[in-house]
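*Asks:* Here the sequence shown stands for residues 0 to 129, numbered as in numbering that gives the first Met the number 0.
Glycine included, every Cβ here is placed at the ideal spot set by N, Cα and C.
All of these numbers come straight from a predicted model, not from anything done at the bench.
Attaching a single structure in structure tokens format; questions to follow.
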Amino acid sequence: MLEFSEIFSIVARTLNKPSLTPGRAVEYWSQFVENCEEGYEDSLAEYRNELSIRRFLQAVIDHPEVQQSTEAQWFSAEVAVVDARFSALIADGFDVNGGWGWWERRIPRIGGGIFLIDVRDAYGVDVEQV
Numbered sequence: 000m001l002e003f004s005e006i007f008s009i010v011a012r013t014l015n016k017p018s019l020t021p022g023r024a025v026e027y028w029s030q031f032v033e034n035c036e037e038g039y040e041d042s043l044a045e046y047r048n049e050l051s052i053r054r055f056l057q058a059v060i061d062h063p064e065v066q067q068s069t070e071a072q073w074f075s076a077e078v079a080v081v082d083a084r085f086s087a088l089i090a091d092g093f094d095v096n097g098g099w100g101w102w103e104r105r106i107p108r109i110g111g112g113i114f115l116i117d118v119r120d121a122y123g124v125d126v127e128q129v
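So this is what it looks like as structure tokens:
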């Protein structure tokens, strides 16, 4: 069986994110969630782009060898901590069409900048300005 870092590298290369490390991937997810907690201000397109890190994390977590690796437990646990923060944030948010992951089916209720305009144009809802 491969070590977690090796499996992670294989998944990262396969998904065109070869420079990511496990710690950095979790950090990106956490930073994105923090930006959302403070009121996301970039465009809706950038929001979706940054949110794509969570799909990558899921691909790693779902990898059969990762699921069998005790070495990867810290990774899944760290992702779960950040997931809980994001889940709480979007719980009172707005439903959006599509998305295969729970994290893609709702958007935060609060935001700022261009995000407010883009969400109104795309979904017809008004995000509360921070």
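(1) If you follow the alpha helix (DSSP H) that Tyr-156 is in, where does it begin and where does it stop?
(2) Let me confirm a value: Pro-63 is counted as buried when at least 16 other C-beta atoms fall within 10 Å, else exposed. Which label applies?
(3) Compute the beta-carbon to beta-carbon distance between Phe-114 and Val-126, rounded to the nearest angstrom, for a pair I have assumed lies under 8 angstroms.
(4) Just to confirm, are Phe-74 and Val-65 a CB contact at a threshold of 9 angstroms?
(5) Does the region 83-95 come close enough to the region 7-23 that 3 or more CB-CB pairs lie under 8 angstroms?
(6) Quick one: complete alpha helix (DSSP H) runs, 4+ long, within the region 58-116?
*Replies:* So, from the listed chains and residues:
(1) The first residue shown for the chain is 0 and the last is 129, placing residue 156 beyond what the model contains.
(2) Working through the sequence shown from its first residue, we reach residue 63 at position 64. Label assigned to Pro-63: exposed.
(3) Walking along the sequence shown from the start, residue 114 turns up at place 115. Walking along the sequence shown from the start, residue 126 turns up at place 127. Phe-114 to Val-126, Cβ: 6 angstroms. Contact.
(4) Counting from 1 along the sequence shown, the entry for residue 74 is found at position 75. Counting from 1 along the sequence shown, the entry for residue 65 is found at position 66. Contact flag set, yes.
(5) no
(6) You should have 63-67 and 72-89.
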